[in-house]
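The block underneath contains the structure these notes are about, expressed in structure tokens.
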């Protein structure tokens, strides 16, 4: 019978890759690593330049070092959870595994993995550690609030803790518990797989299903898991003060209500005690090494969570609160109102009721000035009218909802509906890179109308309108060019060396589309990209080669 191989029966042998192929693969790997590193650096450096340009470089560095610190600390902790559990599971492997079919099948995998065991341990630990560290670094704000939090000077009425505890401390404690859960679960999975691979756990082999060493190791991890669950139950008690509970019809209501204070809160305390007892049973099992008591304890904990944590609060809500809801909830609604008043700093405001009587005709005459200040222009609906009457060019536009302010004109304060004529990148100009980023770079001018007046035909009574060169109008002098607007979503490359002809469209000078004033940016805002290095950085960040290559 011919050997397996080509059709002629000859065995095909695959030799080691040639030196040229190895060199090519190594070169490609280096190029990929350098490319990825450059992209990451370019995004980092561009962000640093932006923060620095607006005077917030310290904010960027604080965020950067905080993220890096969290990445290292929690990445190392997760890597340790993976590496140590794999290491101890291997060290605790049984010296004799028997000759069952299961172990004979696993022998092939053990032999194949033996040369790479250390590399697998280190590599898997690093990969999981990097993932966990990256996730933890996203909680930089939670950490900064935790370490820099200050007392509010106000205590909640249920737990008598300073309110700062709920704003700064509790979120970080929650993060620690969640991280602990993930670390223990990942470590438990790694330990189970390693024990099974090296014979500490057996599924089909005769005899005990777990060696004493494997049982002790897994009992310790399960005990840690249940202990973390107990801590989570304890923190759940405080979370009731700031989160809407599961048994509240008014989901916008924040804080404890009757069911939370009289059913959910005691239930969480009882579940905390049950989980602690269950954790102790798992820890004791490290030495006793019998699964009966821990399994019974865990089953009771699950049953308690269903009956005490779920069914009992439901019964209280359905049969005690619902029939007499107003009386039951009055105390907690008062607490919510008082907390809201304190949050808005109006707790000391006194309310007085006036039962006024007025002679109708003299009253209206005396209130004529007040009636004249009633706003007639609704900023939520007048936006399209501004767009129709004052857009002037299709490459301009206004926000749908306009702004409201007050300005002093001729010694009188006037209610004003105001809008900026910003750049509309989706306007009528030809869309290309030069137009989008170097020619049409800014909006121009303010459009303002009196909020208390309406012109004939229901139009706004404009105070400032059309194009006012150099920003002179009824509201006074202002810089009319709008480079940083609410509608700005794209970058603009502006400015030019002295002596260079202006290229930025400034404002229209005629009623048709032909007349345009040009301009060159002279301000200090923005990030300089005159150097080749900065051009390369932003070309990478925006994936746009024209930034580096264009002369526009």
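In this note's numbering, the protein residues as written are 38 to 589.
Glycine is no exception: its CB is placed at the ideal position from the N, C-alpha and C atoms.
- Quick one: measure Cβ to Cβ for residue 454 and residue 416, integer angstroms, because I've assumed they're closer than 8 Å. Indexing the chain shown from 1 puts residue 454 at position 417. Indexing the chain shown from 1 puts residue 416 at position 379. So it is a contact: roughly 5 Å between Cβ atoms.
- Is it the case that the Cβ atoms of residue 477 and residue 460 are separated by a distance below 8 Å? Position 440 of the chain shown, counted from the first residue, corresponds to residue 477. Position 423 of the chain shown, counted from the first residue, corresponds to residue 460. When the beta-carbon positions are compared, residue 477 and residue 460 come within less than 8 Å of each other.
- Message: By DSSP's criteria, residue 510 is part of a beta bridge. Which residues make up the other side?
- Response: Taking the chain shown and counting its residues from 1, one reaches residue 510 at position 473. Residue 510 pairs with 513.
- Answer yes or no: the CB of residue 484 versus the heavy atoms of the ligand ZN, is any distance below 7 Å? Within the structure as shown, the ligand ZN is missing, as the structure has no ligands at all.
- Item | For residue 385, three-class secondary structure by DSSP | Here residue 385 corresponds to residue number 348 of the chain shown, with the count starting at 1. Correct three-state label for residue 385: coil.
- In the DSSP assignment, what residue or residues form a beta bridge with residue 542? By 1-based counting over the chain shown, the position of residue 542 is 505. 555.
- Among 97, 73, 72 and 194, which residue has its Cα nearest to the Cα of residue 83? The residue given as residue 83 occupies position 46 in the chain shown. Relative to residue 83, the option among 97, 73, 72 and 194 whose CA is nearest is 97.
- Quick one, which of 523, 71 and 512 has its alpha-carbon nearest residue 449's? For the purposes of this step, residue 449 is taken as the residue at position 412 of the chain shown. With distances taken between Cα atoms, residue 449 lies closest to 512.
- When burial is assigned at 16 or more other CB atoms within 10 Å of the CB, is residue 368 buried or exposed? To locate residue 368, count along the chain shown from 1; it is residue 331. With fewer than 16 other CB atoms across the displayed protein chains lying within 10 angstroms of its CB, residue 368 is exposed.
- So residue 253 is in the alpha helix (DSSP H); what residue range does that whole segment cover? Here residue 253 is taken as the residue at index 216 of the chain shown, counted from 1. Residues 249-276.
- Task: Output the distance between the C-alpha atoms of residue 293 and residue 585, rounded to the nearest integer angstrom.
- Result: Taking the chain shown and counting its residues from 1, the one referred to as residue 293 is at position 256. Taking the chain shown and counting its residues from 1, the one referred to as residue 585 is at position 548. Cα to Cα, the separation comes out at about 59 Å.
- So, helix, strand or coil for residue 487, using DSSP? Taking the first residue of the chain shown as position 1, residue 487 is located at position 450. Strand at residue 487.
- Item | Cross-strand partners of residue 497 (DSSP beta bridge) | Along the chain shown, read from residue 1 onward, the residue named residue 497 stands at position 460. Its beta-bridge partners are 491.
- Collapsed DSSP secondary structure at residue 430 in the structure displayed: The residue you call residue 430 lines up with position 393 of the chain shown. Three-state result, residue 430: coil.
- Query: From which residue to which residue does the beta strand (DSSP E) around residue 450 run?
  - Reply: As a first step, residue 450 is located in the chain shown; it is residue number 413 there, counting from the start. Here the beta strand (DSSP E) through residue 450 covers 449-457.
- Item | Cut-off 7 Å between Cβ atoms - residues of its own chain near residue 318, not counting five sequence neighbours on either side | Looking up residue 318 in the chain shown gives position 281. Here the set comprises 330, 331 and 334.
- Message: Looking at residue 251: is its Cβ nearer than 8 Å to the Cβ of residue 238?
- Response: What you label residue 251 is simply residue 214 of the chain shown in a count that begins at 1. What you label residue 238 is simply residue 201 of the chain shown in a count that begins at 1. Yes. Within cutoff.
- Item | Span of the alpha helix (DSSP H) around residue 165 | Taking the first residue of the chain shown as position 1, residue 165 is located at position 128. Note, residue 165: alpha helix (DSSP H), 154-174.
- Query: Rounded to whole angstroms, how far is the Cβ of residue 488 from the Cβ of residue 452, which I believe are closer than 8 Å?
  - Reply: Residue 488 sits at position 451 when you count from the first residue of the chain shown. Residue 452 sits at position 415 when you count from the first residue of the chain shown. About 4 Å; that satisfies the 8 Å criterion.
- Item | Where the alpha helix (DSSP H) through residue 443 begins and ends | Translated into positions along the chain shown, residue 443 becomes position 406. From DSSP, residue 443 is part of no alpha helix (DSSP H) but of the beta strand (DSSP E) over 440-446.
- Message: I'd like to know whether the C-beta atoms of residue 16 and residue 257 end up nearer to each other than 8 Å.
- Response: With the chain running from 38 to 589 in the structure shown, residue 16 is simply not present.
- Message: Less than 8 Å between the beta carbons of residue 593 and residue 307, yes or no?
- Response: Past the edges of the chain, shown from 38 to 589, lies residue 593, and the structure says nothing about it.
- residue 274, buried or exposed, once every other Cβ within 10 Å from all chains shown has been counted against 16: Here residue 274 corresponds to residue number 237 of the chain shown, with the count starting at 1. Buried: at least 16 other Cβ atoms inside 10 Å.
- From the DSSP output, which residues share a beta bridge with residue 330? The residue given as residue 330 occupies position 293 in the chain shown. In DSSP, residue 330 forms no bridge with anything.
- Item | Inter-residue CB distance, residue 80 and residue 578 (contact presumed, cutoff 8 Å) | Numbered from its first residue, the chain shown carries residue 80 at position 43. Numbered from its first residue, the chain shown carries residue 578 at position 541. Right, their Cβ atoms sit about 6 Å apart.
- Please report the Cβ distance between residue 483 and residue 501, rounded to the nearest whole angstrom; I am assuming they are in contact, meaning their Cβ atoms lie under 8 Å. Here residue 483 refers to the residue found at position 446 when the chain shown is read from its first residue. Here residue 501 refers to the residue found at position 464 when the chain shown is read from its first residue. Yes, they are in contact, since the Cβ atoms of residue 483 and residue 501 sit about 5 Å apart, within 8 Å.
- Do you know offhand how far residue 565's Cα is from residue 519's? By 1-based counting over the chain shown, the position of residue 565 is 528. By 1-based counting over the chain shown, the position of residue 519 is 482. Taking the straight line from one Cα to the other gives about 18 Å.
- Message: Quick check on residue 519: does DSSP put it in helix, strand or coil?
- Response: On the chain shown, position 482 is the one that residue 519 refers to. Residue 519 falls in the strand class under three-state DSSP.
- Between the CA atoms of residue 481 and residue 524 - distance to the nearest angstrom: Along the chain shown, one-based indexing puts residue 524 at 487. Along the chain shown, one-based indexing puts residue 481 at 444. When rounded, the distance between both Cα atoms is 13 Å.
- Query: Using the C-alpha atoms, what's the distance from residue 153 back to residue 236?
  - Reply: In the chain shown, counting from the first residue as 1, residue 236 sits at position 199. In the chain shown, counting from the first residue as 1, residue 153 sits at position 116. Going by the C-alpha atoms only, they are around 19 Å apart.
- Separation of residue 224 from residue 217, as counted between CA atoms: Start at 1 with the first residue of the chain shown, and residue 217 comes out as number 180. Start at 1 with the first residue of the chain shown, and residue 224 comes out as number 187. Here the C-alpha atom of residue 217 lies approximately 10 Å from the C-alpha atom of residue 224.
- Excluding sequence positions up to five away, which residues of its chain have a Cβ less than 8 Å from the Cβ of residue 87? Here residue 87 corresponds to residue number 50 of the chain shown, with the count starting at 1. Cβ neighbours of residue 87 beyond the five flanking positions: 564.
- Can you round the beta-carbon distance between residue 302 and residue 277 to whole angstroms, since I take them to be within the 8 Å contact cut? Working through the chain shown from its first residue, we reach residue 302 at position 265. Working through the chain shown from its first residue, we reach residue 277 at position 240. Between residue 277 and residue 302 the Cβ distance is about 6 Å, and since that is below 8 Å, they are a contact.
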